[in-house]
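**Student:**
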Ligand SMILES: [Zn+2]
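In our numbering, the protein residues as written are 167 to 246.
Right, dumping it as structure tokens:
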């Protein structure tokens, strides 16, 4: 089975005193590991009939987005 791998390269970029010290990335559409991208799970009701129940993790979409926040600070900053 093939596996998709994504990487982010972390570098401070252009910094200035008093400037923004945080950044945010959005990595979209990763396959939901809970339902394997199906968006549902098979369930059985009390009559032993099978029905599809929406995945509670990806809410039925089968996909997950990764929200990555990076906060920059001075190396000798021991606060927080
Ligand atoms: Zn899911």
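Just so it is clear, CB atoms sit at the ideal spot from N, CA and C, and this is done for glycine as well.
#1: Mapping the DSSP letters down to three states, classify residue 230 as helix, strand or coil.
#2: When every heavy atom of ligand 1 is checked, does at least one fall within less than 7 Å of the C-beta of residue 217?
#3: Rounded to whole angstroms, what is the Cα-Cα separation between residue 178 and residue 243?
#4: So, using beta-carbon positions, are residue 195 and residue 172 closer together than 8 Å?
#5: Excluding five sequence neighbours on each side, which residues of the same chain lie with their C-beta closer than 6 Å to the C-beta of residue 188?
#6: At the level of alpha carbons, what is the spacing between residue 198 and residue 225?
#7: Less than 7 Å between the CB of residue 200 and some heavy atom of ligand 1, yes or no?
**Tutor:** For this structure:
#1: Position 64 of the chain shown, counted from the start, is the residue given in the question as residue 230. Residue state, collapsed to three classes: strand.
#2: Position 51 of the chain shown, counted from the first residue, corresponds to residue 217. No, since every heavy atom of ligand 1 falls outside the 7 Å radius drawn around the Cβ of residue 217.
#3: Numbered from its first residue, the chain shown carries residue 178 at position 12. Numbered from its first residue, the chain shown carries residue 243 at position 77. Those two C-alpha atoms are separated by around 16 Å.
#4: On the chain shown, residue 195 is found 29 positions in, with the first residue counted as 1. On the chain shown, residue 172 is found 6 positions in, with the first residue counted as 1. No; because the gap between Cβ atoms is not below 8 Å, this pair is not in contact.
#5: Looking up residue 188 in the chain shown gives position 22. The answer, listed in chain order, is 237.
#6: Here the question's residue 198 lines up with position 32 in the chain shown. Here the question's residue 225 lines up with position 59 in the chain shown. Near 10 Å, if we compare the C-alpha coordinates of residue 225 and residue 198.
#7: Residue numbering aside, residue 200 sits at position 34 when the chain shown is read from its first letter. Residue 200: yes, Cβ under 7 Å from ligand 1.
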